[in-house]
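Down below is the structure, laid out as structure tokens.
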Amino acid sequence: MTVEQRLSELKISLPPAPKAGGIYQSVLIRENFAYVSGHGPMRDDYSYITGKVGVDLNTDEAKFAARQTGLAILASLRAKFGNLNNIQCLVKSFGMVNATPDFSEHPLVINGYSELMMEVFGEDNGIGARSAVGMGSLPGNMAVEIEAIFEVKSGDHV
Amino acid sequence: MTVEQRLSELKISLPPAPKAGGIYQSVLIRENFAYVSGHGPMRDDYSYITGKVGVDLNTDEAKFAARQTGLAILASLRAKFGNLNNIQCLVKSFGMVNATPDFSEHPLVINGYSELMMEVFGEDNGIGARSAVGMGSLPGNMAVEIEAIFEVKSGDHV
Amino acid sequence: MTVEQRLSELKISLPPAPKAGGIYQSVLIRENFAYVSGHGPMRDDYSYITGKVGVDLNTDEAKFAARQTGLAILASLRAKFGNLNNIQCLVKSFGMVNATPDFSEHPLVINGYSELMMEVFGEDNGIGARSAVGMGSLPGNMAVEIEAIFEVKSGDHV
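What follows is the structure in structure tokens.
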């Protein structure tokens, strides 16, 4: 089953690919790796889930924001490649939570993203290396920001 | 002298490899590189050194936590490869200190990790690129978290 | 036109290469990639632009600090390679702003660095993947810290 077929089966629909909010490329490909810029929890109308986790959002709400961030990343990858079938695997992710200084459940928050990647790419290819950490602040007060590296199937990259 | 022989000579014993605290792999290998997930300052009994650096821990205590984090990373690498002899070199490290907003001695803290890597892999292979920075918060209020990339000897990776 | 010729044409002069402030290499090369350690906004006299962005510095002042950080990175790359002509392209950057918890304009700040890279390496090679985020604290209270990965022209690396 291809990744796109799995997305259909899971009834996961992706938001529009976010526009870069600065001088950078959302996805850059070098050799067999796709470097994905920091993405945020974008809704379908391009607005973002904002607020400090630990006071404005609880862990479950922030976990949902992390999943939404994952959908935005998938949308950017699809926009870059045309479809998601030539993603070989998730390599590493850096999951950042816009949290209060005493927040401690970052791994549970970022699991919202990691569960999505595992569903979409499978256990063999969708579980990468990861850090889940707390930032002092994030652009536009986004609740979550995640950057990642994916491996691209050999010969399929531009 | 192999890395394992050097560890013996230095009388460095590693803690048990930490269990992943979320949906990720502690170490993922792609091509010749080992991507190491964020690790914390784990003690031998699996508990972590916690607290804000600058108020709960001073710089020396946090430096010790950074060394302990390095030991946990070495434990994960050994668990992945069976031993540490097929690590070629340290490539890069991202050293994160759970610090108060006015803390400024992050490099001295992360040196606790970097000194360990230099001892274990030698000056030629144990000094990589590095950033040492202050986070707003970390999982479980850990004092330090470090992620890293190591190069694996060609042909030895899975 | 080579990168060094473009620097001359743009009348951009680089500061001295910063000395590593800990146990790390400012630039480490593996295969075709140059891993650049976290750099700060160094002035020509080796002093750093310090302060919390959002209170001690406004967005424009912090954007200038990000450009200065880019100049320090270029200085380290030139010191490593002798000149900048064998840099193929900017791959990814992690732009960190030492900001107050309610600061939200991180992308505008890090654009100061990204505009420099685009000027120096051109639109084709100077726009990479990027994250722009807010840290709780930075070494020596630096206003900005940036780490990056560049691709080196094949055959030119050490």
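Protein chains in written order, with the working numbering: chain A, 1 to 158; chain B, 1001 to 1158; chain C, 2001 to 2158. We treat Cβ as the ideally placed atom computed from N, Cα and C, and that holds for glycine. Just so you know, these numbers come straight off a predicted model, no measurement behind them.
- Listed along chain A, the residues sitting closer than 7 angstroms to Glu2151 of chain C by beta-carbon distance are Arg30.
- Per DSSP, the beta bridge partners of Met1142 of chain B are B:Thr1050.
- Ile110 of chain A: member of the alpha helix (DSSP H) spanning His106 to Asn125, first to last residue.
- Val97 of chain A is a Cβ neighbour of Ser1137 of chain B, given a cutoff of 9 angstroms.
- Among the residues of chain B, those whose CB is under 8 angstroms from the CB of His106 of chain A are Ser1137, Leu1138 and Pro1139, following chain order.
- At a cut-off of 9 angstroms between beta carbons, Pro1101 of chain B contacts chain C.
- When DSSP states are grouped into helix, strand and coil, Ala1017 of chain B belongs to the coil group.
- In the three-state scheme derived from DSSP, where H, G and I count as helix and E and B as strand, Val3 of chain A is classed as helix.
- Note that the C-beta distance between Ile1023 of chain B and Ser104 of chain A is not below 9 angstroms.
- For Ser2131 of chain C, the enclosing beta strand (DSSP E) begins and ends at Ala2129 to Met2135.
- Secondary structure at Glu2009 of chain C: helix, using DSSP grouped into helix, strand and coil.
- In chain order, Glu119 and Val120 place their CB closer than 8 angstroms to the CB of Leu10 of chain A, counting only its own chain and leaving out the 5 sequence neighbours on each side.
- Shown here, Gln1088 of chain B sits in a strand according to DSSP, grouped into three states.
- Distance from the Cα of Pro1015 of chain B is smallest, within the candidate group B:Val1053, B:Leu1077 and B:Leu1057, for B:Leu1077.
- The beta carbons of Val2053 of chain C and Val2109 of chain C sit about 7 angstroms from each other, so the pair counts as a contact at 8 angstroms.
- Annotated three-state conformation of Ser37 of chain A is strand, per DSSP.
- Annotation for Leu2071 of chain C: the continuous alpha helix (DSSP H) segment containing it runs Thr2059 to Phe2081.
- The secondary-structure analysis by DSSP pairs Asn98 of chain A across a beta bridge with A:Met135.
- Between Glu147 of chain A and Gly38 of chain A a beta carbon distance of about 5 angstroms is seen, short of the 8 angstroms cut, so the two are scored as contacting.
- The C-beta of Gln2088 of chain C comes no closer than 9 angstroms to any C-beta of chain B.
- At a cut-off of 9 angstroms between beta-carbon atoms, Met1096 of chain B makes contact with chain A.
- Across the structure, Gln68 of chain A and Tyr48 of chain A are spaced so that their CA atoms are roughly 9 angstroms apart.
- By the criterion of a C-beta distance shorter than 6 angstroms, Ala2099 of chain C is surrounded in its chain by Val2053, Gly2054 and Gly2134, once the five residues flanking it on both sides are discounted.
- Residue pairing of Ile1149 of chain B in beta bridges, as defined by DSSP: B:Tyr1035 and B:Lys1092.
- Distance from the Cα of Ala34 of chain A is smallest, within the candidate group A:Lys80, A:Lys63, A:Asn58 and A:Val3, for A:Lys80.
- Not one beta carbon of chain C lies nearer than 9 angstroms to the beta carbon of Glu115 of chain A.
- Proximity of Gly21 of chain A to chain B, defined by a Cβ-Cβ separation below 9 angstroms, is not satisfied.
- Put simply, the CB of Ile2049 of chain C is far from chain A, with every gap to its CB atoms at 9 angstroms or more.
- For Leu1028 of chain B against Gly1070 of chain B, the beta-carbon gap comes to about 19 angstroms, at or over 8 angstroms, which does not count as contact.
- The CB of Glu147 of chain A comes closer than 7 angstroms to the CB of Ser2131 in chain C, given here in chain order.
- Approximately 6 angstroms separates the beta-carbon atoms of Asn2086 of chain C and Val2152 of chain C; this is inside 8 angstroms, confirming the contact.
- In terms of CA proximity to Ala2066 of chain C, C:Arg2043 leads the group C:Arg2043, C:Gly2082, C:Val2091 and C:Leu2007.
- Taking a beta-carbon distance threshold of 9 angstroms, Val144 of chain A does not count as an interface residue toward chain C.
- In the structure shown, Val1055 of chain B falls within a coil segment according to DSSP collapsed to helix, strand and coil.
- Inter-residue distance for Ala72 of chain A and Ser26 of chain A is about 10 angstroms (C-alpha atoms, whole angstroms).
- If you draw a straight line from the Cα of Pro2139 of chain C to the Cα of Tyr2046 of chain C, it is about 14 angstroms long.
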